[in-house]
Every structure is written in C-alpha cells, then in structure tokens.
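Engineer:
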Amino acid sequence: MLDSEGATAIEYGLIASLIAFAVVGSLSVLKAAVMGNFLWTATALTMGQGSPSPEFLEMVWGGHGRRFGQWHA
Numbered sequence: 058m059l060d061s062e063g064a065t066a067i068e069y070g071l072i073a074s075l076i077a078f079a080v081v082g083s084l085s086v087l088k089a090a091v092m093g094n095f096l097w098t099a100t101a102l103t104m105g106q107g108s109p110s111p112e113f114l115e116m117v118w119g120g121h122g123r124r125f126g127q128w129h130a
C-alpha cells in the first residue's frame, strides 16, 4: 500500500493557490471599476453636475417619467 497523503496535500495546495490567483485577479478588475465610479462621482460633485430635479424632468417629459416610477411626487 502506498502513502498518498503527501501527494494529496500538494494537490490541495495547488488548488488553493489557483483559487488565490483567481481572487487576486478578480479583485484587481473590481478595484478598477470601483475606483472609476468613485472618480466619476467625485468629479460630478466637484463640478456641480447633479441629476436633474423632478420638476425639470416633468417639464421636459410632460409627466411621463412618473408612469415608469422614476420619482415619486
């Protein structure tokens, strides 16, 4: 009978390292997306570019926005 505990431990170590590489890779992609969103938000707040007021949207769309639940009166 052969002792395969060492081989099994090495296999589990390789699987764990592959999972770790996948997590690190996905976090780097997620980091870029989150940083982009925060940068866009900071720029919009600094430049004073907010979303249009409900009154403006009603004036432009003639009240059609309420039907789709975009804001509440």
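So in my numbering the end of the sequence shown lands on 130, straight run, no missing numbers. From the three backbone atoms N, C-alpha and C, an ideal C-beta is built for every residue, glycine too. These numbers were taken from a predicted model, which means no experiment stands behind them.
1) Suppose you measure from the CA of A101 to the CA of N94; what does that come to, to the nearest Å?
2) Distance check for L75 and T98, CA to CA, integer angstroms please.
3) Express the C-alpha separation of L71 and A90 in angstroms, rounding to a whole number.
Structural biologist: According to the structure shown:
1) Stepping through the sequence shown from its first residue, residue 101 is reached at position 44. Stepping through the sequence shown from its first residue, residue 94 is reached at position 37. Computed Cα separation, rounded: 11 Å.
2) For the purposes of this step, residue 98 is identified with residue 41 of the sequence shown, where counting begins at 1. For the purposes of this step, residue 75 is identified with residue 18 of the sequence shown, where counting begins at 1. One C-alpha to the other measures close to 35 Å.
3) Counted from its first residue, the sequence shown places residue 90 at position 33. Counted from its first residue, the sequence shown places residue 71 at position 14. Each residue's Cα considered, the two are about 29 Å apart.
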